[in-house]
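My numbering puts the sequence shown at residues 1 to 232. For glycine and all other residues, C-beta sits at the position ideal for the given N, C-alpha and C. Down below is the structure, laid out as structure tokens.
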Amino acid sequence: MTPPKHIAIIMDGNGRWAKNNGLQRLRGHEQGAEAVRGAFDGCLEAGVDFLTLYAFSTENWKRPKLEVAGLMKLLERFLKNNTAELVEKGIRLQVIGRITDLPNKVQEQLHESIERTAGGTRLTMILALSYSGRLEIIDAVRSILREVKEGHLDPAMLDDTVFSKHLYTRYYPDPDLLIRTSGEMRISNFLLWQLSYTELYVTPKLWPDFRKEDLHAAIEDFHKRHRRYGGL
Ligand code: FPP
């Protein structure tokens, strides 16, 4: 069976995992970063082409300063420690979101990792950072208005395909499967446009406990779905 081409994941439950284990929230995020490795390994095994991970939303800036700073450091360290492995495994790193909101050091590390992994052809791993689905749509509308104003786009030509070309995700297909951990039944401002026909899979497992076997189970479940795209 052909695997889903694109899997998106809302990695939820790091805080609860830490609490359950009597640890600080940041320890939960650290274990969450480890779980990311299982996700990309699982995608490589299954032959998935794109993996998008919701790593930090624009709303997450509202968390306590110490947690935000810890998450940023963790991200920088994760990239520093794992870029060589990404290169070796043929994984190309990409990002979506308001990247310029991130601390300079994180931005620099991101650019370095993106450049070093640019030749990866087995899997594209897209990190959503300082990301908001609504803001992405607003940014797309701004970009469309600019093109109209400059006379490069006739508003009558605006359709689904043209609109998609103005989103951060214009280089990637829409996700076939969305996985959310920790049992919450919400989209949480993630890929609002792109998830229109995506199959949803929610597992009660908390993200730090998610392993590549769980990814395979989600894919197996996906194969049982009958995707109709509004038709019969
Ligand atoms: C949600 O758990 C998770 C986040 C807000 C951050 C996700 C970050 C990671 C998985 C680690 C770093 C990522 C990479 C790519 C290295 P929560 O804190 O909302 O959990 P809770 O709902 O149980 O409190």
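For residue 94, no alpha helix (DSSP H) encloses it; the enclosing beta strand (DSSP E) starts and ends at 91-96. With contact defined as three or more Cβ pairs closer than 8 Å, the segment 159-174 and the segment 75-88 are not in contact.
In this structure, the straight-line span from the alpha carbon of residue 44 to that of residue 134 is close to 30 Å. Listed as beta-bridge partners of residue 125 by DSSP are 51 and 93.
The three-state reading of DSSP puts residue 199 in strand, counting E and B together. Here the segment 205-225 lies against the segment 168-181, with 3 or more beta-carbon pairs under 8 Å apart.
Out of 186, 13, 229 and 103, the CA that lies nearest to the CA of residue 68 is found in 103.
Counting the other Cβ atoms within 10 Å of the Cβ of residue 200 gives fewer than 16, which makes it exposed. Excluding five sequence positions before and after residue 12, the CB atoms of its chain that fall closer than 7 Å to its own CB belong to 180, 181, 182, 184 and 207, given in chain order.
For residue 63 and residue 9, the gap between their C-alpha atoms comes out near 21 Å. The DSSP assignment places complete beta strand (DSSP E) segments of no fewer than 3 residues inside the segment 166-214 at 177-180 and 199-202, in order along the chain.
Distance check between residue 119 and each of 128, 90, 107 and 111 places 90 closest, using alpha-carbon atoms only. Taken from the Cβ of residue 113, every heavy atom of ligand 1 lies 8 Å or farther away. Sixteen is the threshold: when 16 or more other Cβ atoms of the shown chains lie within 10 Å of the Cβ of residue 39, as they do, the residue is buried. According to DSSP, residue pairing for residue 9 in a beta bridge involves 53 and 179. Following the DSSP letters along the chain, one finds residue 111 inside the alpha helix (DSSP H) bounded by residues 104-116.
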